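Heads up, the thing below is written out as structure tokens.
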Amino acid sequence: MKSLEVKYLGLTLKNPVVVSSSGLTSTVDNIKKMEAAGAGAVVLKSLFQEQITHEAQAYEHEGDYPEAHDYIMSYAVNNSVEEYLKLIREAKQAVSIPIIASINCTSVGEWVSFAKRIEAAGADALELNIYFLASNKDMNAAACEAQYLGIAAKLRSIVTIPISVKMPKTFTNIPHMVDQLYYRKINGVVLFNRFYEPDINVETMKVESASVFSSPSDIRESLRWVGIVSAAVPLVDVAASTGIHSGEAAIKQLLAGAAVVEVCSVLYKKGPKAINEILEFINGWMGKHHYKSIEEFRGKMNPKNLGSLDVYERSQFMRYYSSHE
Ligand SMILES: Cc1cc2nc3c(=O)[nH]c(=O)nc-3n(C[C@H](O)[C@H](O)[C@H](O)COP(=O)(O)O)c2cc1C
Numbered sequence: 001m002k003s004l005e006v007k008y009l010g011l012t013l014k015n016p017v018v019v020s021s022s023g024l025t026s027t028v029d030n031i032k033k034m035e036a037a038g039a040g041a042v043v044l045k046s047l048f049q050e051q052i053t054h055e056a057q058a059y060e061h062e063g064d065y066p067e068a069h070d071y072i073m074s075y076a077v078n079n080s081v082e083e084y085l086k087l088i089r090e091a092k093q094a095v096s097i098p099i100i101a102s103i104n105c106t107s108v109g110e111w112v113s114f115a116k117r118i119e120a121a122g123a124d125a126l127e128l129n130i131y132f133l134a135s136n137k138d139m140n141a142a143a144c145e146a147q148y149l150g151i152a153a154k155l156r157s158i159v160t161i162p163i164s165v166k167m168p169k170t171f172t173n174i175p176h177m178v179d180q181l182y183y184r185k186i187n188g189v190v191l192f193n194r195f196y197e198p199d200i201n202v203e204t205m206k207v208e209s210a211s212v213f214s215s216p217s218d219i220r221e222s223l224r225w226v227g228i229v230s231a232a233v234p235l236v237d238v239a240a241s242t243g244i245h246s247g248e249a250a251i252k253q254l255l256a257g258a259a260v261v262e263v264c265s266v267l268y269k270k271g272p273k274a275i276n277e278i279l280e281f282i283n284g285w286m287g288k289h290h291y292k293s294i295e296e297f298r299g300k301m302n303p304k305n306l307g308s309l310d311v312y313e314r315s316q317f318m319r320y321y322s323s324h325e
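No gaps in the numbering here: position 198 of the sequence shown is 198 in full-length UniProt numbering, and each next residue is one more.
Written as structure tokens, this is what we have:
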């Protein structure tokens with residue numbers, strides 16, 4: 001009898017397919033559909049730091065009475081949060097899979113105190129989407145990293161539920177960053193975040209958004225780092241994210257060492273049935289290779305279990321380029 005059960009952030013999931021934070025997880029109806037299609041857990045759409053700030057500022061100039069202003073500011077902040085807390089509470093009632101809340105933030109600020117209420121509303125874990133582009137030439141790499149670590153440490157001091165950090169791939173030394181997060185008692189990392197990407201329309205001369213959806217080839221960068229990080233920092237759970245569009249891609253990430261795979265674009269393209277297709281593939285593949293549990297093969301192809309970092313690094317690069325005339 002095969003089992004697809006996995007552990008992620010101290011939670012037991014019936015399988016490793018997690019729905020990524022997005023509009024797909026912003027309503028209870030959608031979350032129910034994801035559970036019905038077989039999802040092991042869902043990450044709710046992010047509560048944005050900007051969203052809270054923006055709502056508060058929209059009220060800022062209405063009325064000249066300071067007491068009213070204070071009240072309105074706190075109403076605006078609470079209201080947007082209230083909506084989010086309601087989503088957590090209702091989702092917890094409606095489904096039995098774990099509900100992971102998500103906060104998108106750039107710095108330590110007022111939003112931090114909201115995390116306590118997210119925990120109280122019943123979220124099983126918190127995914128922290130730290131969306132901070134290092135574009136200031138006067139800010140060095142150490143300062144950028146300190147900003148990420150400061151947010152993570154602050155959150156850790158506020159909630160007791162497991163925390164994962166959804167990271168960009170732009171750090172100089174990704175395993176070192178993950179290790180630093182581990183020392184701040186962060187339970188997991190999501191590799192990787194997908195930032196907004198600008199494009200330029202040469203006819204309208206406007207900056208537009210490039211496609212927000214990934215393609216299957218986008219798996220490569222996360223595959224490398226899932227392998228390297230899961231071997232280097234084994235006590236931090238790794239969720240693979242970006243470019244996982246098929247059961248085969250999910251198996252690759254599990255073989256590299258991922259605890260779970262997060263999927264998003266493929267669900268926008270194919271609908272919730274894509275989850276079932278991925279699970280069927282995993283089941284079939286495990287049967288073919290005589291595996292009874294995910295743990296039996298998870299990480300089998302990461303550098304530690306292969307006994308060498310080479311296949312993820314330079315020697316393969318040299319072989320690859322020298323074999324192409
Ligand atoms: C329409 C859309 C909305 C998204 N919204 C969020 C969000 O609110 N918070 C977040 O952390 N990531 C968000 N993401 C990023 C996804 O969670 C995911 O990390 C990214 O799409 C890469 O996974 P994929 O290749 O499976 O699409 C969004 C992605 C899309 C396409």
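Each residue gets a CB set at the ideal place from its N, CA and C atoms; glycine is no exception.
Remember, predicted model here, so these are calculated numbers, not experimental data.
Using the Cα positions of Ser46 and Asn305, report the straight-line distance between them to the nearest angstrom. Answer to the nearest angstrom: the Cα atoms are 35 Å apart.
Report task. Just the C-alpha distance for Gly227 and Glu203, rounded to the nearest angstrom, thanks. Result -> 42 Å
Using a threshold of 7 Å, state whether the C-beta atoms of Tyr182 and Val236 are closer than that. Yes; because the gap between Cβ atoms is below 7 Å, this pair is in contact.
What does the Cβ neighbour count give for Leu128, buried or exposed, with the cut at 16 atoms within 10 Å? buried
- Euclidean distance between Cα positions of Val261 and Ala39: 11 Å
In the DSSP assignment, the beta strand (DSSP E) including Tyr8 goes from what residue to what residue? 6-8
Any heavy atom of ligand 1 within a distance shorter than 6 Å of the CB on Arg184? no
Let's see if you can read the secondary structure: which residues bound the beta strand (DSSP E) around Pro216? Pro216 -> no beta strand (DSSP E), and no H or E assigned at all.
**Asked** Residues bridged to Ala239 by DSSP?
**Response** Val190, Val260
Is any heavy atom of ligand 1 found at a distance shorter than 6 Å from the C-beta of Asn30?
no
Just verifying my parser: in three-state terms, what is the DSSP assignment at Leu223? Helix, per DSSP.
* Reference Arg194, options Ser209, Thr160, Glu145, closest by Cα -> For the residues Ser209, Thr160, Glu145, the minimum Cα distance to Arg194 belongs to Ser209.
Inset, instruction - Can you give me the Cβ contacts of Ile161 inside the same chain, cut-off strictly under 7 Å, excluding the 5 residues immediately before and after it? - result: Glu119, Ala123, Asp124, Ala125, Leu126
Where Val189 and Ala240 are concerned, what is the direct C-alpha to C-alpha distance, given to the nearest angstrom? 9 Å
> Whose C-beta lies closer than 8 Å to the C-beta of Phe281 among residues of the same chain, with five residues either side of it excluded?
Replying inline: Ser246, Gly247, Glu248, Ala250, Ile251
- [ ] Could you tell me the boundaries of the beta strand (DSSP E) in which Glu208 lies?
- [x] 206-209
Note to self: Could you tell me the alpha carbon to alpha carbon distance between Tyr8 and Ala259, rounded to whole angstroms?
What the structure shows: 6 Å
Point to revise | Val212 beta carbon near ligand 1 (any heavy atom closer than 6 Å) | key: yes
Checklist line | C-beta atoms of Val17 and Ile278 nearer than 7 Å | finding: yes
Using a threshold of 7 Å, state whether the C-beta atoms of Ser20 and Val43 are closer than that. yes
Residues sharing a beta bridge with Ala125, DSSP
Ile100
- Quick one: does the C-beta of Val18 sit closer than 6 Å to a heavy atom of ligand 1? no
- Per-residue DSSP class, three states only, for Lys116: helix
Asp29 classed as buried or exposed, judged by whether at least 16 other C-beta atoms fall within 10 angstroms: exposed
Worksheet entry | N- and C-terminal bounds of the alpha helix (DSSP H) containing Ile174 | 174-183
Open item on the list: Just verifying my parser: in three-state terms, what is the DSSP assignment at Lys166?
Closed with: strand
Give the single residue among Ile88, Lys33, Ile158, Ile97 whose Cα lies nearest to the Cα of Lys14. Ile97
* Asked: Looking at C-alpha atoms only, which residue of Ser102, Trp285, Asp138, Ala36 is the closest neighbour of Tyr131?
  -> That would be Ser102, whose Cα lies nearest to the Cα of Tyr131.
Rounded to a whole number of angstroms, what is the C-alpha to C-alpha distance between Met139 and Glu145? 10 Å
Notebook entry, point to check: Going by the CB atoms, is the gap between Gly243 and Pro216 shorter than 7 Å?
Noted result: Result yes, Cβ atoms of Pro216 and Gly243 sit closer than 7 Å.
- Provide the residue(s) that pair with Leu11 in DSSP beta bridges, ordered along the chain. The secondary-structure analysis by DSSP pairs Leu11 across a beta bridge with Tyr8.
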